[in-house]
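To keep things clear, I will list the structure first and then write my remarks on it.
So this is what it looks like as structure tokens:
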């Protein structure tokens with residue numbers, strides 16, 4: 017994602033960490049409800065968020081606008097640019113065959129994975145693996161389109177270690193309630209890509225304030241997610257059409273899972289054996305539908321074989 021100096025959302029993200037409590041509330045509401053906010057007067061926006069009209073005006077001026085009208089114009093232009101993505105998609109793919117669309121999208125995803133391979137900080141990846149293994153409790157936060165990524169990571173982390181909390185809510189208040197026990201012994205993993213979720217950002221801020229370690233999976237050094245994190249895993253997620261590609265982020269998460277498995281294969285095997293026993297006892301799967309233990313799919317990676325050969 018290119019850093020856009022005059023993008024209103026980028027301005028809010030950059031200044032968020034230094035905002036007052038009231039200004040953060042305005043930024044959060046606009047980020048999550050820009051479709052409604054674009055039609056609101058300063059008084060209406062303030063009433064909706066729970067701050068004064070003058071606070072809204074100061075918020076707009078704090079972002080570098082002369083007043084609320086200029087701020088509202090900028091927000092309107094940003095919303096229009098998002099809606100125009102549908103038209104851009106039509107212009108790009110309108111005359112393409114289905115196979116051409118398939119080839120174009122897959123080629124774009126391949127490019128994103130290759131770019132991620134080149135630019136992902138290996139030291140940050142190693143640190144993330146160690147932090148996750150050493151943490152007492154792991155909190156996972158991913159909302160909107162990032163929710164499936166958090167679900168995927170939660171599913172496999174549960175097989176690797178215990179004390180995994182998947183924070184699932186549409187309310188910031190409930191999010192804090194689910195993270196109320198987080199401490200310096202824990203880690204919070206936040207997953208967010210454009211449009212960045214202020215709910216996820218607030219969760220990372222809360223974790224940082226409680227001295228927990230924070231790992232972010234996001235797209236750019238300019239992402240606001242990096243404000244509260246000391247371990248940033250960057251994966252490209254550029255706009256292909258009207259949706260974000262999450263292929264590269266999923267690959268990074270998959271790599272995390274594999275690396276964690278290779279760090280403690282005995283624990284993983286024991287957990288899988290326990291699961292298979294439970295599945296068999298309660299007839300969750302038929303015998304011909306699962307063969308986890310015999311094949312050990314997550315452990316059959318070249319890294320393990322090379323290590324065994326060296327011994």
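In the working numbering, the protein residues as written are 17 to 327. Built from N, CA and C at the ideal position, the CB exists for glycine as well. Please read these numbers as outputs of a predicted model, since none were measured by experiment.
Continuous alpha helix (DSSP H) stretch holding residue i: start and end
i: residue 62; result: 58 to 65
i: residue 234; result: Run containing residue 234: none in the alpha helix (DSSP H); it sits in the beta strand (DSSP E), 229 to 234.
i: residue 32; result: Segment: none, residue 32 is in no alpha helix (DSSP H) and carries neither H nor E.
Boundaries (first-last residue) of the beta strand (DSSP E) holding residue i
i: residue 83; result: Run containing residue 83: none; DSSP gives neither H nor E here.
i: residue 218; result: Note, residue 218: premise wrong, no beta strand (DSSP E); alpha helix (DSSP H) at 214 to 225.
i: residue 272; result: Where residue 272 is concerned, there is no enclosing beta strand (DSSP E), although the alpha helix (DSSP H) it sits in stretches over 263 to 279.
i: residue 249; result: 247 to 250
Environment of residue i [buried if 16+ CB atoms lie within 10 Å]
i: residue 90; result: buried
i: residue 216; result: buried
i: residue 171; result: exposed
i: residue 281; result: exposed
i: residue 34; result: exposed
i: residue 130; result: exposed
i: residue 62; result: buried
i: residue 29; result: buried
i: residue 113; result: exposed
i: residue 57; result: exposed
i: residue 115; result: exposed
i: residue 97; result: exposed
i: residue 176; result: buried
i: residue 159; result: buried
Secondary structure of residue i, DSSP reduced to three states
i: residue 90; result: helix
i: residue 25; result: helix
i: residue 40; result: helix
i: residue 117; result: helix
i: residue 46; result: helix
i: residue 306; result: Any reading at residue 306 is ruled out, since the residue's pLDDT is 46, under 50, leaving its predicted position unreliable.
Chain-order list of residues whose beta-carbon lies under 8 Å from that of residue i (same chain, five-residue window excluded)
i: residue 266; result: 165 and 168
i: residue 220; result: 157, 204, 206, 230, 232, 241, 243, 244 and 245
i: residue 81; result: 87 and 90
i: residue 227; result: 199 and 200
i: residue 138; result: none
Own chain, CB closer than 7 Å to residue i, minus 5 neighbours either side, in chain order
i: residue 140; result: 247, 248 and 249
i: residue 75; result: 39 and 42
i: residue 252; result: 128, 131, 132, 235 and 264
i: residue 192; result: 222
i: residue 72; result: 42, 58, 61, 62 and 84
i: residue 148; result: 154, 203 and 276
i: residue 68; result: 62
i: residue 174; result: 180
i: residue 92; result: 54
Residues near residue i by beta carbon distance below 6 Å, same chain, minus five either side
i: residue 273; result: 172
i: residue 306; result: Summary for residue 306: the model assigns pLDDT 46, below 50, so the residue's position carries little reliability; its value from the coordinates is reported in the next sentence. Hits under 6 Å: none found.
i: residue 45; result: 65
i: residue 107; result: Since pLDDT at residue 107 reaches only 49, below the 50 mark, its modelled position is unreliable, and the value read off the structure follows with that caveat. Hits under 6 Å: none found.
Contained beta strand (DSSP E) runs [length at least 3] in the region 124 to 202, N- to C-terminal order
154 to 158 and 180 to 183
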